[in-house]
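Asker:
In the working numbering, the protein residues as written are 23 to 201.
#1: Going by beta-carbon coordinates alone, are residue 70 and residue 54 separated by less than 9 Å?
#2: Going straight from the alpha carbon of residue 79 to that of residue 100, what length do you get?
#3: Can you tell me which of the three DSSP states residue 17 falls into?
#4: Since residue 81 sits in a beta bridge, which residues does DSSP pair it with?
#5: Look up residue 117 in the DSSP assignment and say whether it is helix, strand or coil.
#6: How big is the Cα-Cα spacing for residue 130 and residue 41?
#7: Which same chain residues, not among the five before or five after residue 105, have their C-beta less than 6 Å away from its C-beta?
#8: Rounded to the nearest angstrom, how far is the Cβ of residue 154 from that of residue 128, given a contact under 8 Å?
#9: Does the Cβ-Cβ distance between residue 13 and residue 115 come in under 9 Å?
#10: Following the continuous beta strand (DSSP E) through residue 127, name the residue where it begins and the one where it ends.
#11: Figure out for me which residue from 45, 166, 108 and 156 has the closest Cα to the Cα of residue 36.
#12: Just reading off the beta strand (DSSP E) that residue 48 is part of, what are its end residues?
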């Protein structure tokens, strides 16, 4: 809503036809609930300028609540792992995707790095990753916090099979034998 203005620099006062819907507090309009109210802007005038009044009817609507769905399991990342974050927003009533963009942030640096939707585990520890959707004219903003845990890198080793010239061995994988 554009504020009323004049070229006279005289003060403007506002009033609401229904302060239960829109209340005027210290010259600012505060939406209280859904509905319609008429706002009147008045400049009293002075010995040079006549008084002037302008009105505007405003409808206050409620935005649809959305929530963020996040199926990524980030509870057991290992140092060196790279994960692609894939949260999305859905209409809280219908459960249908809103297709509005999600942005991500991290609570601390060092444990993980974040580049767009790519998360890289750098060091052991815990970090909170936040998915945020800012909303639009129809949907309210939504935020979801996910705790991620980074564990030490796996220390698995694989010893190669070494055979001397002329030797043979049987290798069994998934109950199948290979020679």
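Cβ coordinates follow ideal geometry from the N, Cα and C atoms, glycine included.
Answerer: Taking the definition as stated:
#1: no
#2: Looking at the two C-alpha atoms, the distance is approximately 58 Å.
#3: The first residue shown for the chain is 23 and the last is 201, placing residue 17 beyond what the model contains.
#4: DSSP, once it has assigned bridges, lists 58 as partnering residue 81.
#5: coil
#6: 44 Å
#7: Cβ neighbours of residue 105 beyond the five flanking positions: 141.
#8: About 12 Å separates the two Cβ atoms, so there is no contact after all.
#9: The first residue shown for the chain is 23 and the last is 201, placing residue 13 beyond what the model contains.
#10: 125-128
#11: 45
#12: Where residue 48 is concerned, there is no enclosing beta strand (DSSP E), given that its DSSP letter is neither H nor E.
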